[in-house]
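Structure first, then comments.
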Amino acid sequence: MGTKIQLWVSHENYEDLLDEAEKKLISYEQRFSANDSSSDLMKVNRAAGVSPVHVDQELFELISIGKRQSLIKGSSLNIAIGPLIQAWRIGFQDVHYPGDSKIQELLKIINPQKIQLSETEQTVFLEEKGMAIDLGALAKGYFADNIIAFFRQQGARGAFIDLGGNVLTYGVTPTQSHQWRIGIQNPFLPRGNYAAAVDVRNQSIVTSGIYERSFEWNNRTYHHIFNSQTGYPIQTDLASITIISDQSLDGEIWTTRLFGKKATTIIAEINQIPDLEGIVITTQGELAYSKGLVDRIHLF
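Right under this line is the structure:
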């Protein structure tokens, strides 16, 4: 997953549960990765324009969710964005500017509408050669939800998972408190420096920001969150967006769906969505948060 993972669980057999959780995460990576040529997802991508591919139930479920969310009007989420991600390679050692002609060419094969799903056959078919699904905007949330669900099924009293900016909490804390206080990364400082903290219980905190993966070319900085209309990184006044939700997957969905909008618009929209809270930090260093966080947020 290319990130540091932290797991904690309160259970008499915690070592066994942590071992099993590690195995599950390794299995997810082997099946869902868009950067491992042997993964199940890459089998789908290699068969683009050729034939449908049968996939397991979990991979089919996440692709189905991803397609549905990608087709919502105004959403910045697009799971068919794979060709652009591989062309730019932002976050990888071989990152480079692919050139405008290449970008314009790839715009023709990133339409999520052309992902065909058969529920009866549990198959995925990409209609055009060169198409590629990338689940990076969703996968960590899906993994976190399933790991915490596993811990709960095993009778855990409390649990915590951090998949590099994607946090999900359950039950009691290591100090037996009933609330977790989770730091919100300051996007202008090295990791571990916080702009705020939020008190949560049985909730997820997902943060996405332009500071996570970027590179400079011709005196311009390019980040890793793409505009499907232009093929270039989204132009935004956001440095980061944080979503607090009951399910980590929802946090992943909303951080990406909302990323292309103005900070004021994002907070106004979040205020209208039940069971969702949010924090935005602009490139000018301004911080705003939704009304439900008034008594739960601590600013630094």
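The numbering of the sequence shown is this note's numbering, which starts it at 288 and goes up by one.
All C-beta atoms in this analysis are idealised placements derived from N, C-alpha and C, irrespective of residue type, glycine included.
In the DSSP secondary-structure assignment, ASN453 is bridged to VAL493. In this structure, VAL296 lies near PHE438, with their beta-carbon atoms less than 7 Å apart.
Shown here for LYS354: same chain residues with a beta carbon closer than 6 Å to its own, the five before and five after excluded, namely PRO399, ILE402 in chain order. About 20 Å separates the beta carbon of ALA335 from that of GLU406, a gap too long to meet the 8 Å contact definition. By the neighbour-count criterion, in which a residue is buried when 16 or more other Cβ atoms sit within 10 angstroms of its Cβ, PRO474 is buried.
In the structure shown, GLN356 falls within a helical segment according to DSSP collapsed to helix, strand and coil.
Collapsing the DSSP output to three states places THR407 in coil.
Sequence-distant partners of ALA482 (beyond 5 residues in either direction) whose C-beta falls short of 8 Å from its own C-beta, in its chain, are ILE471, GLN472, ASN473, PRO474, ILE568, LEU574, LEU586, PHE587. ILE372: member of the alpha helix (DSSP H) spanning 369-375, first to last residue. For ALA575, the enclosing beta strand (DSSP E) begins and ends at 574-576. Under DSSP, LEU586 forms a beta bridge with ALA483. By the neighbour-count definition (other C-beta atoms within 10 Å, threshold 16), ASP343 is an exposed residue. Annotated three-state conformation of THR569 is strand, per DSSP.
With respect to the C-alpha of LEU364, the residue from GLY451, ALA424, THR523, ASP486 having the closest C-alpha is ALA424. The count of Cβ pairs closer than 8 Å, one atom from the region 528-535 and one from the region 370-388, stays below three, leaving the stretches out of contact. The residue among VAL454, PRO477, GLY445 with its C-alpha nearest the C-alpha of THR462 is GLY445.
CA-CA distance, PHE447 to GLY538, rounds to 16 Å. Around the Cβ of VAL581, a 10 Å sphere holds fewer than 16 other Cβ atoms; the residue is exposed. Going by DSSP, SER338 is part of no alpha helix (DSSP H) at all; its letter is neither H nor E. Inter-residue distance for GLU564 and ILE540 is about 13 Å (C-alpha atoms, whole angstroms). In the structure shown, THR460 adopts coil according to DSSP, grouped into three states. In the DSSP annotation of this structure, the continuous segment of the beta strand (DSSP E) that includes GLN293 starts and ends at 292-297.
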